[in-house]
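Worksheet: one structure, shown below.
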Amino acid sequence: MKKKYLTGSGVIAAFLVVGLLIWNREVSQAEQQYVEKAANNYLPDVQADISNGMDVDARGEYGETALIAAAYKGHLQMVEYLLQAGADPDAKDDTWMTALRGATANGHLDIVKILLAHGADPNIQDKTEGRTALIDAAMHGTPEMIQVLLEGGAILNLQAKNGRTPLHWAVDSLQTENVRQLVKNGANVKTIDYVGKTALDYAKEKQHDEIIQLLQQ
């Protein structure tokens, strides 16, 4: 069983499986329904719940807030409303997934911009792999997404638990343009991960000539 609001993407599902740093919590039916309304973009219902006293940061079964659910699903108007209503942009679910990471992983650039404008921290690392929003963007996003995160305060060379930087992840995912963007912004090509490999080592293993050239410039 996976979280109800996380559907249609394998980017995050791998560490959202029951038994992997996830536990059940005491959640009222009203709270669970409130989060599900946000996930399904039922804005009038969410507005009514908050008007009737629902905590804007009430959590679902796995610690997800309405903002996390809405950001993951790409519901721009819902995200805007929840932030205006006082939602915590850095709220974390039980795996330390945030709204910003959910939006980044699913390519919702407008939502990423709004969350950063409301002070979302782009350097929060999840509990499982220590990945950040910038790592997600390096693996699955676009150069524009990377640039927005960097301008929003993302640490360029922040290492995950395995020692890999966003550049390592971009190379391993064969994201040539993302590699180019990271290098352009000064990514450290000499950083080694916890098995002693640089991004260039991974590029050579994958025999990707264009990425090799980018890293050797």
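Heads up: the sequence shown runs through residues 1 to 217, numbered per this note's numbering. Beta carbons: idealized from backbone N, C-alpha and C, even for Gly.
Among the options, nearest to residue i - alpha-carbon criterion
i	options	result
D88	D94, N157 and A99	A99
V183	K197, G119 and H168	H168
I146	P44, M54 and T176	T176
C-alpha gap between residue i and residue j, whole angstroms
i	j	result
A71	A103	5 angstroms
M97	Q216	35 angstroms
L156	P143	13 angstroms
L109	E31	28 angstroms
G163	I211	20 angstroms
N106	V46	23 angstroms
L116	M78	16 angstroms
E226	S173	Since the first residue of the chain shown is 1 and the last is 217, residue 226 is not available in this structure.
L67	G53	17 angstroms
I111	H118	11 angstroms
L21	E64	Low per-residue confidence applies at L21: pLDDT is 39, beneath 50, and the placement is therefore not dependable, though the value from the model is reported in the following sentence. Straight-line Cα distance between these residues: approximately 14 angstroms.
Burial state of residue i, where buried means 16 or more other Cβ atoms lie within 10 Å
i	result
A199	buried
E205	exposed
P122	buried
A93	A small correction: the amino acid at residue 93 is Asp; Ala does not occupy that position in the sequence shown. By the neighbour-count rule (16 or more Cβ atoms within 10 Å), D93 is buried.
Y81	buried
Residues that residue i bridges to, as DSSP identifies them
i	result
T165	Answer is none; T165 lacks a bridge partner.
T230	This structure leaves residue 230 out entirely; the chain is present only between 1 and 217.
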